Amino acid sequence: MFRRRPPDRPVEARRPTVGQLTLEIAGGSVVGHRYPENFDVLHLDPELPFAAVADGMGDGEGSRVAGATAMGTFVEQVRAGWPAVGADLLRAATAETQLRVRRAGAAVAGLTGCTLTALVAEPEGGQGWLVQLGDSRAYRLRDGLLELITVDHTMAWLGVVHGWWPADSPEAARARYQLLRYVGHPDKPEPDLLAVPLRTGDTWLLCTDGVSDQLGYHRLRDLLAARRDPARTVEALLAATLDEGGDDNATAAVIRVHPTLPTPR
1 MFRRRPPDRP VEARRPTVGQ LTLEIAGGSV VGHRYPENFD VLHLDPELPF
51 AAVADGMGDG EGSRVAGATA MGTFVEQVRA GWPAVGADLL RAATAETQLR
101 VRRAGAAVAG LTGCTLTALV AEPEGGQGWL VQLGDSRAYR LRDGLLELIT
151 VDHTMAWLGV VHGWWPADSP EAARARYQLL RYVGHPDKPE PDLLAVPLRT
201 GDTWLLCTDG VSDQLGYHRL RDLLAARRDP ARTVEALLAA TLDEGGDDNA
251 TAAVIRVHPT LPTPR
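Each residue of the sequence shown is one higher than the one before, counting from 1 in our numbering.
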């Protein structure tokens, strides 16, 4: 029986308003039982409608440097470009993030790289942008249907899509951690940029693979669909990863979309 470890820090919550919508955002992270420290990075912006997660590759200094540098740079770039949210800004922000992580990695022995997945809402509301490099995921729960919106930039995913091997095969398992795109990659791969509608009633989940690898589809759907506020949902998700063995750092950000209530006169 594992000893329950609390989140690395109290679950954070934000309520930014964009146009006619209010985003109720909460996030948190746990170390888990495998690693002595947490190489995930979580960002819930205190002012902008913006959340992001990153997952360092490996468990050394390069992982820590990559995650901190990537998140710090990406946040800086989004804030500097606000309110001009769109493909051009986000592509440029990711390019600058790639550049700085590679520069930081030049002074560190071993691999310096991380994943990055973010959701940034446009200021007028109604639409958001997903930015992704790596295998940290974005899910959307709408009308009871949980959908994986992103794809994993891994050899395992590529092999399953092209029919090279079954998803539950030993070949897929071996290829699971062969990332084809990540922040800090020497070939400077571009991110996936997806414009996504934000609809009242939607619930979004951004998470590292410490969540998605340990909690199956139905468990994720049930936890997200339960009538909890986002902070309680995050707490339940992280607790579930520990109950399943806590085999990795686990980080989750939950975003629920509500109509903005009129200000009383």
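Here a beta-carbon is modelled for each residue, glycine too, at the ideal position from N, C-alpha and C.
Since the structure is predicted, the reported quantities are computational estimates derived from the model, not experimental observations.
Report yes or no: do three or more beta-carbon pairs, one from the region 85 to 99 and one from the region 184 to 198, lie closer than 8 Å?
yes
How about Gln214 and Asp247: are their beta carbons less than 8 Å apart?
yes
Nearest-angstrom Cα separation, counted from Ser136 out to Thr260
Spanning the two alpha carbons is a distance of roughly 30 Å.
Checking 8 Å against the spacing of the C-beta atoms, do Ala121 and Val254 come in under that value?
Taking 8 Å as the cut-off, the beta carbon of Ala121 is found no closer than this to the beta carbon of Val254.
So, using beta-carbon positions, are Leu146 and Val53 closer together than 8 Å?
no
Do Ala138 and Gly159 come within 8 Å of each other at the CB atom, strictly closer than that value?
no
Identity of the residue in Gln20, Gln127, Glu61 and Leu119 nearest Asp45 by Cα
Cα-wise, what sits closest to Asp45 is Leu119.
Measure the CB-CB distance between Val183 and Ala70 and report whether it falls below 8 Å.
yes
Cβ of Thr203 within 8 Å of Cβ of Leu224?
yes
Indicate whether Val65 and Val30 have their beta-carbon atoms separated by less than 8 Å.
no
Based on Cα-Cα distance, which residue from Leu198, Asp209, Glu61 and Gly28 lies nearest to Thr22?
Leu198
Taking 6 Å as the limit between beta carbons, can you name the residues of its chain near Thr251, skipping five residues before and five after?
Ser29, Asp40, Leu42, Val53 and Thr208
For Ala106, which residues of its own chain have a beta-carbon under 7 Å away from its beta-carbon, when the five flanking residues on both sides are left out?
There are no such residues.
Would you report the Cα separation of Ala13 and Ile25, rounded to the nearest angstrom?
5 Å
In three-state DSSP terms, what is Ala177?
Per the sequence shown, the amino acid found at residue 177 is Tyr instead of Ala. The answer is coil: DSSP assigns Tyr177 none of H, G, I, E or B.
Since I believe Gly32 is in contact with Gly110 (beta carbons under 8 Å), could you give me their beta-carbon distance rounded to a whole number of angstroms?
Not a contact, Cβ separation roughly 22 Å.
So Gly67 and Gly56 are in contact, right, with Cβ under 8 Å, and what is the actual spacing, rounded?
4 Å
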